[in-house]
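Numbered continuously in numbering that gives the first Met the number 0, the sequence shown closes out at residue 370.
Where a beta carbon is used, it is the ideal one built from N, C-alpha and C, also for glycine.
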Amino acid sequence: MLDKWQRLTLYPLKWIYLGGLHPNNESKIAIVHFSANFSIFVLIVVLAFIEILISYKENIYFTIESILTIVLYLHIMSKYSILYMHKSTLKILLKQRSKFWKIEDFEGDIRQDCEQRMKSALMVTKCYLGYSLSVVASFLIQPIVTGQLPVFIYEPEGWYYFLFFSFFLITPAIMASIWGVDTIFYSVSAPVSIQLKLLAHKFETTKFDNPDGEIEKTLASLVDYHNFLISYCHQINKMSSGIFLTQFLVAIATSCMQLFIASQPEFGLMNKIKCLLYFTMQIIETAIYCYTTEIISESSIDVGNAAYRSSWYETSDNKIRTDIVLIINRSQKKVVFSGLGLVWINMETFTRIFKTALSFYTYLNTMVYTD
0 MLDKWQRLTL YPLKWIYLGG LHPNNESKIA IVHFSANFSI FVLIVVLAFI
50 EILISYKENI YFTIESILTI VLYLHIMSKY SILYMHKSTL KILLKQRSKF
100 WKIEDFEGDI RQDCEQRMKS ALMVTKCYLG YSLSVVASFL IQPIVTGQLP
150 VFIYEPEGWY YFLFFSFFLI TPAIMASIWG VDTIFYSVSA PVSIQLKLLA
200 HKFETTKFDN PDGEIEKTLA SLVDYHNFLI SYCHQINKMS SGIFLTQFLV
250 AIATSCMQLF IASQPEFGLM NKIKCLLYFT MQIIETAIYC YTTEIISESS
300 IDVGNAAYRS SWYETSDNKI RTDIVLIINR SQKKVVFSGL GLVWINMETF
350 TRIFKTALSF YTYLNTMVYT D
């Protein structure tokens with residue numbers, strides 16, 4: 000029977016398996032699968048670039064759509080390849096979950112709060128799956144409704160059906176690189192804030208009127224677990240650092256162009272609907288990264304606050320008091336996540352992303368109408 004942590008990663012692992020990204024799948028078929036999908040992604044980017052060279056002097060709207068195609072598929076390719084290269088890190092993270100404390104071992108409000116957080120996390124992954132499928136469907140239905148390919152690219156003569164079926168073939172890989180990568184990050188990260196909350200509860204409820212030897216042993220085990228959680232966060236950042244930076248850059252570029260396409264009369268209704276759906280997904284996707292890392296950072300500080308609120312003053316042992324001070328000092332340095340050290344991933348960055356996207360959207364509008 001699956002435990003709570005395994006249930007959280009159940010669907011994400013199935014989806015990344017379809018894309019050839021499962022950490023336990025090291026077969027040659029998985030390598031061929033990855034290479035074939037990546038080759039089609041590259042082909043789409045090349046065809047979009049050719050369309051830019053053809054249309055940039057004649058039709059600025061075709062050029063903007065082609066640029067959007069390139070950005071979208073560079074996003075897919077980067078996340079797809081980054082997780083592929085960090086399959087071993089993901090394998091370590093999944094294995095280390097066995098060290099997590101069980102929520103069932105706690106009682107009272109702390110247990111109810113943590114169980115509610117787990118239910119919310121499961122709900123997020125399921126709702127995000129449903130919405131992601133609707134976004135993918137909006138792309139795949141476009142050839143049926145309008146006769147146009149799902150994204151705007153140069154279409155060599157006689158290639159339509161080849162490209163049409165290629166888009167359907169790579170759909171599982173696209174879902175794996177977007178929904179799968181996003182939710183695998185979320186499903187290994189969301190439990191960390193719960194574990195930090197449980198750790199804070201342990202510190203706060205530690206009895207300092209017990210024999211000194213017992214107190215030292217308890218504190219040592221709590222410090223060891225704190226070190227484990229910090230190390231676990233470093234592994235998450237190692238796996239996702241490149242994805243963080245990609246998400247930061249792509250969210251700005253795609254949001255700007257999608258808003259432009261949705262607001263211009265020159266683009267068809269189906270295209271506008273598709274862009275608005277993906278723009279909303281971009282907000283959700285970015286929020287998953289920024290909000291999750293923000294919660295972990297805040298929870299890491301709460302560990303020190305909980306140690307301060309504990310009844311440490313009941314002991315007269317100066318060594319134990321010194322240990323508490325060291326624990327508090329260390330916890331003041333919160334756990335942070337970054338995109339290759341170039342950008343911090345938190346809610347402040349989330350706000351900055353969409354402010355910047357709106358600024359570029361305004362500039363793009365001005366540039367087009369000036370021309």
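Within the same chain, Cβ atoms closer than 7 Å to the Cβ of Ile66 are found at Ile51 and Met256, the five residues on either side in sequence being excluded.
In this chain, the alpha helix (DSSP H) harbouring Glu114 covers Asp108 to Leu139.
In this chain, the alpha helix (DSSP H) harbouring Ile53 covers Lys27 to Ser54. In the assembly as shown, Tyr79 is a buried residue. Its beta-carbon has 16 or more other beta-carbons within 10 Å. Shown here, Trp100 sits in coil according to DSSP, grouped into three states, outside any helix or strand.
Taking all protein chains shown into account, Cys126 has fewer than 16 neighbouring C-beta atoms within 10 Å of its C-beta and is therefore exposed. The DSSP-derived three-state label of Ser337 is strand. Three or more beta-carbon pairs drawn from the stretch 319–337 and the stretch 298–307 are found closer than 8 Å, and the two stretches are therefore classed as touching. Along the stretch 161–234, the alpha helix (DSSP H) occurs as fully enclosed runs of 4 or more residues at 170–174 and 180–203, listed in sequence order. Secondary structure note for Gln5: its alpha helix (DSSP H) is the uninterrupted segment Lys3 to Leu17. With a cutoff of 8 Å on beta-carbon distance, Asn24 and Lys90 are scored as not near each other. Of the candidates Thr62, Asp2, Ile43 and Tyr10, Thr62 places its Cα closest to the Cα of Phe266. In the three-state reduction of the DSSP assignment, Trp311 falls in the helix class, which pools H, G and I. By the C-beta criterion, the stretch 228–241 is judged not to be in contact with the stretch 140–148, since fewer than 3 inter-stretch pairs fall below 8 Å.
For Thr182 and Trp311, the gap between their C-alpha atoms comes out near 40 Å. Sequence-distant partners of Tyr224 (beyond 5 residues in either direction) whose C-beta falls short of 7 Å from its own C-beta, in its chain, are Leu198.
With a cutoff of 8 Å on beta-carbon distance, Gly241 and Leu339 are scored as near each other.
Beta-carbon to beta-carbon, Tyr307 and Ile327 are separated by about 5 Å, close enough to satisfy the 8 Å threshold. Setting aside the 5 residues that flank it on each side, Met269 is surrounded in the same chain by Gln141, Val144 and Thr145, each with a C-beta closer than 6 Å to its C-beta; the list follows chain order.
Excluding five sequence positions before and after Leu139, the CB atoms of its chain that fall closer than 8 Å to its own CB belong to Pro149, Phe166, Phe167 and Thr170, given in chain order.
Within the DSSP secondary-structure output, Trp343 pairs in a beta bridge with Ser337.
Taking a cut-off of 8 Å on C-beta distances, the stretch 33–51 does not touch the stretch 344–358, as fewer than three cross pairs fall below it. In the structure shown, Gly267 falls within a coil segment according to DSSP collapsed to helix, strand and coil.
When only Cα atoms are considered, Val180 and Ile28 end up about 20 Å apart.
Note on geometry: alpha-carbon atoms of Tyr72 and Leu195 lie some 36 Å from one another. DSSP places Glu154 in the coil class of the three-state scheme, outside both helix and strand. When the five nearest sequence neighbours on each side are left out, the beta carbons in the same chain lying within less than 7 Å of the beta carbon of Ile323 are those of Ala306 and Trp311, in order along the chain. Taking Trp158 as reference, the option from Asp2, Glu215 and Leu46 with the minimal CA-CA separation is Leu46. Burial check for His200: the Cβ neighbour count within 10 Å reaches 16 or more, so the residue is buried. In this structure, Tyr130 is the residue among Tyr130, Arg329 and Glu156 with its C-alpha nearest to the C-alpha of Leu275. The beta carbons of Ile69 and Phe99 sit about 41 Å from each other, so the pair does not count as a contact at 8 Å.
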